[in-house]
Structure formats: structure tokens, C-alpha cells
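Counting from 1, position 104 in the sequence shown corresponds to residue 103 in numbering that gives the first Met the number 0; the numbering is continuous, with no gaps.
Note sheet for the following structure.
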Amino acid sequence: MEIIFATHNAHKVGEIQSLCPENIQLKSLKEIDFNKEVPETSDTIAGNSFQKAEYIFKQFGKAVFSEDTGLEVTALNNLPGVRTARFAGEDATAEDNIQKLLLELEGKSNRNAQFVTVITFIDEAKETHQFKGVCQGEILMAKTGNDGFGYDPIFKPLGSELSFAEMSLSDKNIFSHRAKAFKLFVEFLNRK
């Protein structure tokens, strides 16, 4: 089965590709020569996920899935949430976002947080399905590790002594919100 993955993010493609069974062939937007920006204007993670999948489905009329992920920090009333990638501004880098988050948490003892991923799948019959994965953990006081992307250097999942950035991809996928959501998606596809 061939499915378009509605993302330009090479890190996300790599994570999902590492989880993909052989019977599913993913095509990233780069692989299908689609270079336009995909809209993300919803005020929810699930809404953004749906919006991206629907936009690409309307362009190609083929099976497509998208994902949107947010980091919810308890002490910040679940911010950055839907604005995770743009927490420090529209053109912010991952480093900018990390520094802003660490600054916002200065002096706060509650550093509990969770990553939430919602995958939206639209099949060729236009049926829509969503799958959610959650990874609870905490925000570290400082960056540790060199792997991963985004907030990985400051996020330590519950049950681990390592940040996501200190883990191999296969170890990260044991805990990862994205891996959990994708596993539910694959289980759904295998039942179809």
C-alpha cells in the first residue's frame, strides 16, 4: 500500500520510516515533488493534523496521512501546545524554542510535560481516521544529548533516565508519542 506522508520535515519522515512495515510504502512530499507550504492554522493538534491531511488529499486524491505534535507543559497551562514549533516566534529555530521554554520554567518546580501526537489518515474513499499517541515525561533543567530534533534535548520520558536526544532512534521509539500513534495507525491498516 502506498501512502503519502504530508510533511516536509525530514526528521519526522526518518522516525516514521523506521517504524514502517514492508507492506506500506511511504511517499514524503519531497518524494512526490510537492514543495508548497501545507497550512497549519487550527487551534488544536488534532485540527492541524486533519487540515494537513485534507489539504494534500485534495491535491492528489490518494491515501494520505499527516501528523501534528504538541508539547504540553503542566506548569505553563499546557503551552506551547499547538504552537510547539513556533513557541519563540514564527521563524524560531529549535534552539530558540528550547531557550524560551527553559526561561519560562525558571523557578518552577513542576516540570511535568507530555508530547501529544495525532495522526490523521484519509483513505482513497475519503474516509478519515485519527490516532493519538502520548508520551509523559518532564522538562530537564538543561540540554543533554546530541540526537533527535526539536525539544528532544530537554525532554526525558517517564521511565527513562535519558533524554530523547541521548537515545538511539530505536530506543526513542519505545517511548515516543509519534511511535505510539503510528503503531495504532498500522494496526488499523492491518485490519482493513
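Don't be surprised by glycine CBs; every beta carbon is placed ideally from N, CA and C.
Assigned secondary structure, residue i (DSSP; H/G/I helix, E/B strand, else coil)
i	result
V3	For the record, residue 3 in the displayed sequence is Ile; it is not Val. If DSSP states are grouped into helix, strand and coil, I3 belongs with the strands.
F187	helix
N172	helix
E137	strand
A112	strand
Terminal residues of the alpha helix (DSSP H) in which residue i lies
i	result
D95	93-103
G13	9-18
S48	44-59
S192	Outside the shown range of the chain, which is 0 to 191, sits residue 192, and nothing can be said about it.
Outcome for residue i when other beta-carbon atoms lying within 10 angstroms are tallied against a minimum of 16
i	result
K191	exposed
M140	exposed
S169	exposed
E186	exposed
A112	buried
DSSP bridge partner residues for residue i (one or two, in chain order)
i	result
K131	V117
G80	L70
S162	Partner(s): none; S162 has no beta bridge.
S65	T119
Test item: CB-CB of residue i and residue j under 8 Å
i	j	result
V133	K179	yes
S175	T119	no
E14	A62	no
L100	F86	yes
Span of the beta strand (DSSP E) around residue i
i	result
K155	154-156
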